[in-house]
Amino acid sequence: MTTRFSFQLGATDGKARSGVIDTPRGAIRTPAFMPVGTAATVKAMMPESVAATGADILLGNTYHLMLRPTAERIDRLGGLHRFMNWSKPILTDSGGFQVMSLASLRKLTEEGVTFKSHIDGSKHHLSPERSMEIQRLLGSDIVMCFDECPALPADRDRIAASMRLSMRWAARSREAFGDRPGHALFGIQQGGLERDMREESAEALKAIGFEGYAIGGLAVGEGQEAMFECLDYAPEMLPVDRPRYLMGVGKPDDIVGAVKRGVDMMDCVLPSRSGRTGQVFTRHGVLNIKNARHQDDPRPLDEQCTCPACRNYSRAYLHHVFRSQEIISSMLLTWHNLHYFQELMQGMREAIGGGRFDAWEAEFHAQRAEGDI
Ligand SMILES: CNc1nc2cc3nc[nH]c(=O)c3cc2[nH]1
68 MTTRFSFQLG ATDGKARSGV IDTPRGAIRT PAFMPVGTAA TVKAMMPESV AATGADILLG
128 NTYHLMLRPT AERIDRLGGL HRFMNWSKPI LTDSGGFQVM SLASLRKLTE EGVTFKSHID
188 GSKHHLSPER SMEIQRLLGS DIVMCFDECP ALPADRDRIA ASMRLSMRWA ARSREAFGDR
248 PGHALFGIQQ GGLERDMREE SAEALKAIGF EGYAIGGLAV GEGQEAMFEC LDYAPEMLPV
308 DRPRYLMGVG KPDDIVGAVK RGVDMMDCVL PSRSGRTGQV FTRHGVLNIK NARHQDDPRP
368 LDEQCTCPAC RNYSRAYLHH VFRSQEIISS MLLTWHNLHY FQELMQGMRE AIGGGRFDAW
428 EAEFHAQRAE GDI
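The opening residue of the sequence shown carries number 68 in this note's numbering; numbering runs sequentially from there.
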């Protein structure tokens with residue numbers, strides 16, 4: 068067990084890399100997928116079940132937790148790890164992205180953002196300083212800079228102004244974070260789909276210096292082709308010996324394409340949210356369990372999957388409990404999806420380690436049918 072935060076790069080295969088992030092609360096194998104634990108819970112999952120899927124780290128949302136139950140209350144109760152009974156690493160986002168997507172009556176200035184809670188309309192404020200304080204009170208192991216993520220499409224002037232604001236906020240975040248051994252602060256690269264803006268942002272972040280670097284401003288509606296075009300150059304603008312975290316990604320093929328281009332960490336609500344809407348991810352593609360064609364099907368979701376849903380239940384049963392809106396439906400489908408996403412990561416870590424990522428990627432695509440399976 069280490070008292071420091073460090074990243075050990077392991078194997079590389081093309082641009083893809085595998086490695087380990089060491090933290091006082093445990094190691095994170097990369098490439099890593101982080102389940103999203105929005106309001107101090109990965110919905111429909113016990114923490115021990117999340118760990119059983121293979122997750123080494125999960126994500127907490129500052130925006131949700133500051134509104135309810137508040138960071139101060141979680142701090143008084145011993146911090147987020149104790150509060151939610153998760154002893155492994157936690158990464159918290161800075162709140163800025165969700166303020167812009169969830170809150171109302173937002174007022175953005177150089178100082179920060181004031182907004183009204185989507186829960187009860189109460190007034191709140193976020194700034195680099197307040198976001199660092201909240202994430203410190205939560206006790207998260209990896210803290211994200213307070214930034215602004217512009218909605219796409221946006222013209223160059225808007226992208227430039229927003230990126231430069233985020234870089235000023237990154238400097239203030241670094242200053243406010245202070246000296247916290249064993250904890251990490253990650254900077255977030257902005258710049259939209261503009262290569263020169265991405266370069267300017269990367270240079271600004273490297274001049275400040277961070278324990279890790281996120282690629283922000285993507286997975287905001289630009290589509291996979293545009294995202295991959297940006298990922299063809301953005302990751303290598305960031306320090307080679309620090310983790311690179313692509314925020315908010317994604318579907319399985321997005322994740323594979325991002326790892327192929329040098330990304331080490333990702334997070335997405337897709338597997339857990341889809342578990343509650345009946346969308347199931349398998350190595351052969353996607354299916355929706357609510358479709359009537361599953362009602363007499365005795366087979367598991369995926370014959371090769373070892374998760375509890377696939378070991379013990381038929382598609383017919385899962386169709387039934389989904390249609391009946393039984394709670395076990397969300398439990399089993401979420402568990403399966405998170406298990407599949409972690410299996411994907413493990414497969415890539417092994418393939419990179421063995422220098423056979425291209426073959427693994429070809430097999431990944433070959434066994435996926437288009438459309439519903
Ligand atoms: C679901 N897509 C998505 N989730 C994101 C979260 C983010 N947080 C901070 N900064 C970002 O640029 C950012 C971009 C994101 N895209």
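Think of the CB as a built atom: it goes at the ideal place given N, C-alpha and C, for glycine as much as any other residue.
### Task
Give a yes or no on whether 7 Å exceeds the smallest Cβ distance from Thr181 to chain B.
Looking for chain B here will not work: only one protein chain is present.
### Task
Measuring alpha carbon to alpha carbon, tell me which of Asp425, Thr401, Gly421 ends up nearest Lys110.
Here residue 110 is taken as the residue at index 43 of the sequence shown, counted from 1. It is Thr401 whose Cα lies nearest to the Cα of Lys110.
### Task
List the endpoints of the continuous beta strand (DSSP E) containing Leu126.
Residue numbering aside, residue 126 sits at position 59 when the sequence shown is read from its first letter. First-last of the beta strand (DSSP E) with Leu126: 125–127.
### Where Met333 sits in the DSSP three-state scheme
Counting from one through the sequence shown, the residue named residue 333 turns up at place 266. DSSP places Met333 in strand when its eight states are reduced to three.
### Query
Buried or exposed: Asn25, going by 16 or more other Cβ atoms within 10 Å of its Cβ?
Lying before the first or after the last residue shown, residue 25 is absent from the chain, which here runs from 68 to 440.
### Message
If I measure Cβ to Cβ from Val210 and keep anything under 6 Å in the same chain, skipping five residues before and after, which residues do I get?
### Response
One-based indexing of the sequence shown puts residue 210 at position 143. Here the set comprises Gln202, Leu252.
### Query
Quick one: any contact between the region 349–362 and the region 70–80, if contact means 3 or more CB pairs under 8 Å?
no
### Query
Do you know whose CA, among Leu204, Asp321, His131, lies nearest Glu296's CA?
Position 229 of the sequence shown holds residue 296. Comparing Cα-Cα distances from Glu296 to each of Leu204, Asp321, His131, the minimum goes to Asp321.
### Message
At a cut-off of 6 Å, would you count Asp320 as near ligand 1, judging by its Cβ distance to the nearest heavy atom?
### Response
Taking the sequence shown and counting its residues from 1, the one referred to as residue 320 is at position 253. Asp320: no, Cβ never under 6 Å from ligand 1.
### Query
For Arg239 versus Gly279, is the C-beta spacing smaller than 7 Å?
Locating residue 239 in the sequence shown gives position 172, counting from the first residue. Locating residue 279 in the sequence shown gives position 212, counting from the first residue. In this structure, Gly279 does not lie closer than 7 Å to Arg239 by Cβ.
#### Entry: Start-to-end residues for the alpha helix (DSSP H) that takes in Val166
What you label residue 166 is simply residue 99 of the sequence shown in a count that begins at 1. Start and end: 163–169.
### Query
Can you round the beta-carbon distance between Val347 and Leu354 to whole angstroms, since I take them to be within the 8 Å contact cut?
For the purposes of this step, residue 347 is taken as residue 280 along the sequence shown, with counting starting at 1. For the purposes of this step, residue 354 is taken as residue 287 along the sequence shown, with counting starting at 1. Confirmed, Cβ separation roughly 5 Å.
### Same chain only: Cβ atoms within 8 Å of Met101, ignoring 5 sequence neighbours per side
Taking the sequence shown and counting its residues from 1, the one referred to as residue 101 is at position 34. Ala122, Ile124, Leu125, Leu126, Leu158, Met332, Met333, Asp334.
### DSSP state of Ala111 mapped onto helix, strand, coil
Sequence index remark: in the sequence shown, residue 111 carries index 44 (1-based). Ala111 falls in the coil class under three-state DSSP.
### Task
Compare the beta carbon distance of Thr129 and Gly162 with 7 Å and say whether it is the shorter of the two.
Counted from its first residue, the sequence shown places residue 129 at position 62. Counted from its first residue, the sequence shown places residue 162 at position 95. Yes, they are a contact pair.
#### Entry: Cβ-based burial, Gln434 [other Cβ within 10 Å; buried from 16]
Against the sequence shown, residue 434 aligns to sequence position 367. Gln434 should be labelled exposed.
### Ala227 beta carbon near ligand 1 (any heavy atom closer than 6 Å)
Numbered from 1 along the sequence shown, position 160 holds the residue referred to as residue 227. No - ligand 1 has no heavy atom lying nearer than 6 Å to the Cβ of Ala227.
### Simplified DSSP assignment, three categories, for Asn355
On the sequence shown, position 288 is the one that residue 355 refers to. It is a strand residue.
### Query
Quick one: complete beta strand (DSSP E) runs, 3+ long, within the region 286–320?
311–313
### Task
Output yes or no for whether 7 Å exceeds the beta carbon distance between Thr120 and Gln409.
Residue mapping note: residue 120 aligns to position 53 of the sequence shown, counting from 1. Residue mapping note: residue 409 aligns to position 342 of the sequence shown, counting from 1. Contact: yes.
### Query
Quick one: Cα of Phe213 to Cα of Glu115, how far?
For this step, residue 213 is matched to residue 146 along the sequence shown. For this step, residue 115 is matched to residue 48 along the sequence shown. Near 30 Å, if we compare the C-alpha coordinates of Glu115 and Phe213.
### Query
Which word fits Val307, buried or exposed, when buried means at least 16 other C-beta atoms lie within 10 angstroms of its C-beta?
Translated into the one-based positions of the sequence shown, residue 307 becomes position 240. Val307 comes out exposed.
### Query
Under the three-state reduction of DSSP, which class applies to Thr79: helix, strand or coil?
For the purposes of this step, residue 79 is taken as residue 12 along the sequence shown, with counting starting at 1. Thr79: strand per DSSP, three-state reduction.
### Message
Taking 8 Å as the cut-off, does the region 78–85 touch the region 415–432 (at least 3 CB pairs, one atom from each stretch)?
### Response
yes
### Query
Which residue comes first and which comes last in the alpha helix (DSSP H) that contains Phe431?
Within the sequence shown, numbered from 1, the residue matching residue 431 stands at position 364. Element bounds for Phe431: 424–433.
### Message
For the beta strand (DSSP E) containing Tyr280, name the first residue and the last one.
### Response
Residue mapping note: residue 280 aligns to position 213 of the sequence shown, counting from 1. Run containing Tyr280: 279–282, per the beta strand (DSSP E) assignment.
### Query
Roughly how many angstroms lie between the CA atoms of Asp142 and Ala383, to the nearest whole one?
Residue 142 sits at position 75 when you count from the first residue of the sequence shown. Residue 383 sits at position 316 when you count from the first residue of the sequence shown. So the alpha carbons of these two residues sit roughly 45 Å apart.
### Residue from Glu177, Gly188, Glu178 whose Cα sits closest to the Cα of Ser171
Position 104 of the sequence shown, counting from 1, holds the residue named residue 171. For the residues Glu177, Gly188, Glu178, the minimum Cα distance to Ser171 belongs to Gly188.
### Query
Buried or exposed: which applies to Tyr312, given that a residue is buried once 16 or more other Cβ atoms fall within 10 Å of its Cβ?
Working through the sequence shown from its first residue, we reach residue 312 at position 245. By the neighbour-count rule (16 or more Cβ atoms within 10 Å), Tyr312 is buried.
### Query
With a CB to CB cut of under 8 Å and the five nearest residues on each side skipped, what residues in its chain are close to Ile440?
As a working note, residue 440 is residue 373 in the sequence shown. So the list reads Thr349, His351, Gly352, Val353, Leu354, once near-sequence residues are dropped.
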